[in-house]
Structure formats: structure tokens, C-alpha cells
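Position 487 of the sequence shown, counted from 1, bears residue number 622 in the numbering used here, the numbering being contiguous throughout.
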Amino acid sequence: MHVPYTLGRDFTGSVPVHDARVIVIGSGAAGLNAAIHLVENGIDPEAMVILTDCWGGGTSYNAGSDKQTYYKLSISGEGKDSPVSMARDLFKGGSMHGDIALCEAAGSIEEFFHLVRLGVDFPKNQYGMYPGYRTDNDATQRATSVGPYTSRRMVEVLSKEIIERGVPIANHRLVVSLLVDEDGQQPSLHGAVAIHACVSDGDDHDIGDKGIDLNNLPFEIFRSNAIVLATGGPANIYKDSVYPIHHFCGHGIGLEAGATARNLAFMQYGIASKAFRWNLSGSYQQVIPAYYTIQGESGEKRDILRPHFDSMAQEAYNIFLKGYQWPFNPRRCDPRNSARSSLVDLIVYHHGVERGEKVFMDFRMNPWDINDEPLSLNELPSNAWEYLEASGAIQDTPIERLENMNPFAINVYKDHGLNLHESPLEIQVAVQHCNGGFSADTNWESVNLPGLFPVGEVNGSHGQHRPGGAALNAGQVGGLRAANAISKRMIDGSIHENGNGNFLKLATTKIQWLATLVKRSKFSHSPGIKASKRARTSIIDIQDAWAEIRNRMTRHGSIVRSIDSLKKETLVAWKLVKRIDDGLPAKTIRDLISLFRCRDAAITHRVILSAMTEQMIHDPGTKPCYLRVEQSLESRGNILEVLKEQGYMINDSRTGNRALSSTLVGNECHHELEPVRGIPAVKDWFEAIMKDRAG
Numbered sequence: 136m137h138v139p140y141t142l143g144r145d146f147t148g149s150v151p152v153h154d155a156r157v158i159v160i161g162s163g164a165a166g167l168n169a170a171i172h173l174v175e176n177g178i179d180p181e182a183m184v185i186l187t188d189c190w191g192g193g194t195s196y197n198a199g200s201d202k203q204t205y206y207k208l209s210i211s212g213e214g215k216d217s218p219v220s221m222a223r224d225l226f227k228g229g230s231m232h233g234d235i236a237l238c239e240a241a242g243s244i245e246e247f248f249h250l251v252r253l254g255v256d257f258p259k260n261q262y263g264m265y266p267g268y269r270t271d272n273d274a275t276q277r278a279t280s281v282g283p284y285t286s287r288r289m290v291e292v293l294s295k296e297i298i299e300r301g302v303p304i305a306n307h308r309l310v311v312s313l314l315v316d317e318d319g320q321q322p323s324l325h326g327a328v329a330i331h332a333c334v335s336d337g338d339d340h341d342i343g344d345k346g347i348d349l350n351n352l353p354f355e356i357f358r359s360n361a362i363v364l365a366t367g368g369p370a371n372i373y374k375d376s377v378y379p380i381h382h383f384c385g386h387g388i389g390l391e392a393g394a395t396a397r398n399l400a401f402m403q404y405g406i407a408s409k410a411f412r413w414n415l416s417g418s419y420q421q422v423i424p425a426y427y428t429i430q431g432e433s434g435e436k437r438d439i440l441r442p443h444f445d446s447m448a449q450e451a452y453n454i455f456l457k458g459y460q461w462p463f464n465p466r467r468c469d470p471r472n473s474a475r476s477s478l479v480d481l482i483v484y485h486h487g488v489e490r491g492e493k494v495f496m497d498f499r500m501n502p503w504d505i506n507d508e509p510l511s512l513n514e515l516p517s518n519a520w521e522y523l524e525a526s527g528a529i530q531d532t533p534i535e536r537l538e539n540m541n542p543f544a545i546n547v548y549k550d551h552g553l554n555l556h557e558s559p560l561e562i563q564v565a566v567q568h569c570n571g572g573f574s575a576d577t578n579w580e581s582v583n584l585p586g587l588f589p590v591g592e593v594n595g596s597h598g599q600h601r602p603g604g605a606a607l608n609a610g611q612v613g614g615l616r617a618a619n620a621i622s623k624r625m626i627d628g629s630i631h632e633n634g635n636g637n638f639l640k641l642a643t644t645k646i647q648w649l650a651t652l653v654k655r656s657k658f659s660h661s662p663g664i665k666a667s668k669r670a671r672t673s674i675i676d677i678q679d680a681w682a683e684i685r686n687r688m689t690r691h692g693s694i695v696r697s698i699d700s701l702k703k704e705t706l707v708a709w710k711l712v713k714r715i716d717d718g719l720p721a722k723t724i725r726d727l728i729s730l731f732r733c734r735d736a737a738i739t740h741r742v743i744l745s746a747m748t749e750q751m752i753h754d755p756g757t758k759p760c761y762l763r764v765e766q767s768l769e770s771r772g773n774i775l776e777v778l779k780e781q782g783y784m785i786n787d788s789r790t791g792n793r794a795l796s797s798t799l800v801g802n803e804c805h806h807e808l809e810p811v812r813g814i815p816a817v818k819d820w821f822e823a824i825m826k827d828r829a830g
């Protein structure tokens, strides 16, 4: 089957249609896990397809930290733990629904051992127990890890299983739109449109510079009533980002389809390296490296932290604390507290964003070496000294301590051409994760677009903050629950074989619109082609559009936010979407791919900025990922001085525990603050559950 399109009198063509019972969009850990569980539930692998623009190119495979954390129910030692206890710890992060928290907690052990069975070798002792450690925003020992590349190892074993199970993979497919019928009582999902994003011809010849043929556009339609959306976080919409450089945003397709999102204002930010994007958390901080800028032509190193702490011991201690307090939290900036680890982020932000300076972290020297203020490690508070002593990390320099505590953390940089023994790292305060995403129920199905199952970071299950590693667990549990729900419906017939219905009309309308956008872009700078007045006066190129998006988010949507700036930038962001739809110059296949990636990012950043604005209007106090100030970035100068005058405006709890829903309806963003559901009071009777199972 083909869907035709016509572009005036000069160009006609058609687009092929492929049928699938289930589509998985994305090839990261969450999406692959969902596909595996579908097969384990008895679904024919040939009935599904995985669409990915780059097999192995997502965040799961290319991100990590000193020891990347996986968070699960504790199954070691003498401590008492339970699904309800873990759910409470997730729930108290704020703005998270209690029933979803309970699902993530209860499913964590099943999914942990699913990964173990597939080959992820989490550490265990001689008695078969899996020991844990403490992570961000958590006081228990639920965290585990296989090292810097935990999520990569997960993707490796999941990918191997996918291939062995024979699940079809359509690589180099960039999904650019979803097919949604809005004529019924509720919207219905009918498939996805992808662009064949391969820029080589099979003989390894680069065809990315090949011109766009309007009679043969590289679109394909994949028809299905069930789609697992697993495109990851809103990557690369920030200039200062730790998302892998080649991972692009995928939220725009869901937002444009009308799927409601939740908690988009809540990001996670922290200190990361710049040349190679990597979280500088855990042992990178616990070994207490030096932070500095270089002064002018003299080359003098200036410790940027020292002026903001009362003593060298206090500075060193707060660097140490960043190890397991890595995400920025304004409560950890307050000068009334002795533990002010997030003040480190704020100082780096001031020098990097406000002053435009290069900031460095150096493992070859202690901070007290720069200041000529000798300090012995045993002068640190007891928790820091005892941790370093127990870890065998009491050597003279940070790099020696890191070699003893976690040599893998050094090797990660060596693998990317950076030698921590020889040079410092340029650092930044970078966006690392979005706690929000698409709003879904306890089956990880969209609350307002039936058949769409967002799993992984694209799902908005978490709220204001979460324990480190909880996102990896949520992705696995979400994939399990989505697969179980889809499998049940396929077996009972409620997800049926694809029929034509309104499909042809929907597909024709969508392809016609996409083809028109491509034509506008192809001819946007061509002489003799008439363009609208708005298009003629607002044309920018794709790289300029990318730069505008990323600079806007880093400058106005990061750890310091101003409501006036957010209002202004939201309006400008919407204008950018319209300018893109007027036609960005795109003359080659490579241009076309970049155009649709940029368009998705533009839509995404517009809705996120709108959500940030709405959150600040209805909750003027500070949330755990940002500080609120009255002045814009351009007018305030030094954020550290501003905060001395206005105070830290810690959350006044005016809204209580609520979640913000955001829906794109036409050209408008609709928002609603809703009370979160509590943790269910579950009092199961075994015999009753057993009877239901037997029935």
C-alpha cells in the first residue's frame, strides 16, 4: 500500500505503508526491554518493529557517571525494606503519584533480576546477596552499579536478546509525526511517519549531500494501534548539556499529537565536563579536586570557591558532599546551612554563564594547594574522613585518591582521549535529566492518547526530585508494565489487526503537509519562488535555529529562573516554531534530517518553557531544581550578590504536593495543576490473590 501526495503541477509521489501490531520508537534500555517482554508474553516478534534513527546511539548506551547507579529494593544486609517503604521515598520527592511510585518499587526486583538473567553482572557477595550503597536523595542502601557504564551494559544485553529473539529493527528511521484520529469520542492512534534517515548507500558511500527529490520523498508510514514511545529525554535543547552529543529530542512528536505531559519544569542539573560530556558525580567529587579559573595573561589559577566559604576545611567538605549530592538543589545553597554543596554549582554557573569564563576542575592538585592553606584530610568532618579512609583514598593528591577509590573513573576519560594525570577538565553546570515527561497511568499508557505508551525518560513518572538511579529502574518497570498491558489487549482482541477506517485520509493529510513543508524548505532561498512576507523576513538556517534553542534554554531555563524572562522567551520560542514551518533552507538529505530534528526540539523547548512559566506563576517559591529571582540574566549581573540581597526564596509550599500537566492544543499550551494521588493502602489477602490468578 502507498499513500500519494501532490505538490502543485510539478511534483507527485507516494509513500510506502508498513503494518505492525506494535511499534517501539527508540532503541535505548526502556524500549528494548518493552519489546523483550512482549516476546516473553507470547507475542510474535514479527508482529512488531523497532524504529530507531541510530541503533546504539541513544543516551542509555552513551551516558554514565563515576559509577552509574541502578536503584532497586534492597536485597542485602540486615536492613528492613519493602515496596511501600521504597514507594514512600520516591513519593516524598514531590509531585509524583503514589500509585506509580508503588508500581516502580514493587516491580524493581522483578526487573533487576530480569537484567541479571540477561547478563548484567551486578556485584554480589559469596552468599548471593547484592550489596548496595547510598545515592542522591536517598538515605538507604538501595543503589547498585556495574561501573561507569551501567546503562550501556543494560543496552548490550537487551540488544543481544532482541537480535536473538528475531525482533525486526528498522534502523535509520527518524519518526517525525504520529497519526492520530481526533474525530471520535476520544483520539485514536493509527501509526507513525518516519523519514528514512540513512546517509549512506550500503556501499559505504556518503549520500547525505544528495539533493532532495520532491517526486521521491524519503518518508515511510508504519501503521499500528499500539506504540511504545521510548525516545529518551529532551536531549540537546540545552547548550550546557551532558546528554550525548548525538542524541536528539523526541518529545515534539508526542506533544504535537496532543499527548499530555507532566512535570516538564523539573530538570536535573549538575557539574559535568564539557569537551567530553560526562557527569562529574560520586568519586570525582569525593576525592576533592580543585576548582579554578585562569586569570588573564598571567595564567594564574584562582580558586573560585574559596571566597564563598568560611574556611578551607568547609570548602573541601562541600566539594566532598557533591559526590552523593550531585544534583543542584537550592536548599543546599543557603548560607545558614553548614552543608552547602549546591553552592558549588551556583559559583560555577556564575563564572561560566554570567561571566562567560572557562572553569576548570583539576585532579592534579588540592584546593588548598592553590590557596597555600595547608589542610590535612583528617581535619575534615568525621563522615568525610572516615569515608575516604575506608575507601583507601587518603593519598596526597586527588588523582592518587581517585586511582585508589575508582580507577574506572579515570579510564572513562582515557577512553575519550583525556588524561586526568596531565590536564584539567573544563566544566559546566549541565542539564542531565528531565524528571517530567508524558503523563501516563500505572500501565505507562498516555492518560489522553490511548495506545501510546511512553517508557523511559520520555515518561513523566517522577517529580521535583528522585533518588539517583531511579530513572533506570522506572524505565525497566515501565517497559514491563506497558508490555503486559499491550499483550493482554492483543490476546483478548482489543488491539486488533489494522483496518483501513480513516487511516488513508489521515495518512494522506499528514503526508501532504509534510511534503509541503519539505518543498518550502527546499525552495526557501531559491530565486523566483514566491514566499509569504513572514517567510521572506524571518528565514534563518538550521544551525542558527539550533543555537537559538540551546542558548535560550541554558540562559533562561536552567538553575536560575526569572518569570519575566520565561514569559518573554516562551513567546519567542513559539515564533521560532512558526519560522521553521515557514521553511528552513534544506537542500540535501542531511539537511532534511536536521530540519526535522530541529523542529522537534523547537516544539519541545516551547512547551517546556511554557510549563516552567506556569509552574513559577502558581508556585512562586523555589523548587528543588532551580532558584527564582526577579531580575533577568541580562540585568542581574552576579547571581551570588543578588541572592545575598533577596535571600534564597526556598519553597513556601503554597501549592502543596501537586503535579503540573501540560497539553499542546493547536497553537496553545494548556496547563493544569492537579493534586497527586497518594500511595494506595494495599492489604492483600494471599488466598484471594491466588484465586484471582487461578481464575
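Note that CB positions come from ideal geometry on N, CA and C, so glycine has one too.
- In the same chain as F455, and ignoring 5 residues on each side of it, the C-beta atoms closer than 6 Å to its own belong to Q421, I423, A519, in chain order.
- Rounded to the nearest whole angstrom, the CA to CA distance from M136 to A327 is 15 Å.
- When DSSP states are grouped into helix, strand and coil, G166 belongs to the helix group.
- Taking a C-beta distance under 9 Å as the contact criterion, A680 and L727 do not qualify as a contact pair.
- Looking only at T147, P283, I372, the smallest Cα-Cα distance to G604 is reached by P283.
- About 7 Å separates the CB atoms of L768 and E489; that is less than 8 Å, so the two are in contact.
- Under the 10 Å beta carbon count, L639 is surrounded by fewer than 16 other beta carbons and is classified as exposed.
- Look at the segment 435-521 and you find these whole runs of alpha helix (DSSP H), each 4 residues long or longer: 447-456, 477-484, 502-506.
- Boundaries of the alpha helix (DSSP H) harbouring C733: 724-753, taken from the DSSP string.
- A Cβ-Cβ distance of about 13 Å is found for the pair T723 and I330, leaving them out of contact under the 8 Å criterion.
- Here the segment 296-306 lies against the segment 180-190, with 3 or more beta-carbon pairs under 8 Å apart.
- When only Cα atoms are considered, G319 and N637 end up about 11 Å apart.
- Following the DSSP letters along the chain, one finds Y196 inside the alpha helix (DSSP H) bounded by residues 194-197.
- Taking all protein chains in view, the Cβ of E538 is crowded by 16 or more other Cβ atoms within 10 Å, so the residue is classified as buried.
- K818 and I824 have their C-alpha atoms roughly 11 Å apart.
- The beta carbon of T643 lies closer than 6 Å to those of V138 in the same chain, with the five residues before and after it left out.
- In the three-state reduction of the DSSP assignment, Y140 falls in the strand class.
- A Cβ-Cβ distance of about 16 Å is found for the pair A736 and I160, leaving them out of contact under the 8 Å criterion.
- Put simply, the backbone Cα of C468 is about 23 Å away from that of E561.
- Counting only runs of at least 4 residues, the segment 558-610 fully encloses no alpha helix (DSSP H) element at all.
- H382 sits in coil when the DSSP states are folded into three classes, being neither helix nor strand.
- If only uninterrupted alpha helix (DSSP H) runs of at least 4 residues are considered, those enclosed by the segment 264-311 are 285-300.
- In the three-state scheme derived from DSSP, where H, G and I count as helix and E and B as strand, A708 is classed as helix.
- For the set V811, D699, L390, G692, the Cα lying nearest the Cα of G228 is the one of V811.
- If you check the CB distance, L314 and L641 come in under 9 Å.
- The C-beta distance from G393 to V800 rounds to 7 Å, short enough to meet the 8 Å contact threshold.
- Under the three-state reduction of DSSP output, A182 falls in the helix class.
- Per DSSP, M688 lies in no beta strand (DSSP E) segment; the continuous alpha helix (DSSP H) that holds it begins and ends at 677-691.
- In the displayed model, M402 falls within a strand according to three-state DSSP.
- Scanning N350, G192, T395 for the CA closest to the CA of P379 turns up G192.
- Remark: fewer than three beta-carbon pairs, one from each stretch, lie closer than 8 Å, so the segment 507-517 and the segment 166-175 are not flagged as touching.
- Beta bridge pairing from DSSP links H153 with F357.
- A816: not part of any beta strand (DSSP E); DSSP gives it neither H nor E.
- Non-local C-beta neighbours of N578 in its own chain, meaning closer than 6 Å and more than five positions away in sequence, comprise R616, A620, ordered along the chain.
- One thing to note: H485 has its Cβ within 9 Å of the Cβ of N773.
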